[in-house]
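Take a look at the structure below.
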Amino acid sequence: MTAKILIADDEPNIVISLEYLLQREGYTVVVARDGNEALASIARERPDLVLLDVMMPHKSGFEVCQAVRSDAALLATKILMLTAKGRETDVAKGLALGANAYMTKPFSTRELVQKVAQLLGKPGEESE
Numbered sequence: 001m002t003a004k005i006l007i008a009d010d011e012p013n014i015v016i017s018l019e020y021l022l023q024r025e026g027y028t029v030v031v032a033r034d035g036n037e038a039l040a041s042i043a044r045e046r047p048d049l050v051l052l053d054v055m056m057p058h059k060s061g062f063e064v065c066q067a068v069r070s071d072a073a074l075l076a077t078k079i080l081m082l083t084a085k086g087r088e089t090d091v092a093k094g095l096a097l098g099a100n101a102y103m104t105k106p107f108s109t110r111e112l113v114q115k116v117a118q119l120l121g122k123p124g125e126e127s128e
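Sequential numbering of the sequence shown, starting at 1, is according to this note's numbering.
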């Protein structure tokens, strides 16, 4: 079964490049462009992994992460925060709210693909 990934980001160029990259890797990709849309998509689509931007309209990635983690039905959903907010306090906050991993922009596409595979438990991928 193909893993489903939700890209939640309001920056069109990032969405386009991530969508292309992940589809090329064989994943099914769903897109949300703000925090409210992300929450609705997570509830409806039940993605295996959410690539979650912190700074989005309506609800921040932190708020989305917190909402997902407080819903027992969504506990299996993996969250990778992908953001320009790279200060240690931001990373700590994201992880404290329940994110499985945190990557700062700009990021290497190779590192992102490896991290996604690692989070989804894809065989043959090395852990860090």
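Backbone N, C-alpha and C fix where the C-beta goes; we use that ideal spot for every residue, glycine too.
Check: Alpha helix (DSSP H) segment containing THR89, residue limits; Outcome: 88-96
Check: Helix, strand or coil at VAL113 [DSSP, three-state]; Outcome: helix
Check: Entirely enclosed beta strand (DSSP E) segments - the stretch 12-77, minimum 3 residues; Outcome: 28-32, 49-52
Check: Buried or exposed (CB count within 10 angstroms, at least 16 for buried), GLY94; Outcome: buried
Check: Pick from VAL54, HIS58, LEU22 that is closest to TYR102, judged by C-alpha positions; Outcome: VAL54
Check: Residues near LYS4 in its chain [Cβ-Cβ closer than 6 angstroms; skip 5 each side]; Outcome: THR28, PRO47, ASP48
Check: Secondary structure of LEU120, DSSP reduced to three states; Outcome: coil
Check: Classification of THR136 by the beta-carbon crowding that lies within 10 angstroms, buried from 16 upward; Outcome: Any property of residue 136 remains undetermined from this structure, which presents the chain solely from 1 to 128.
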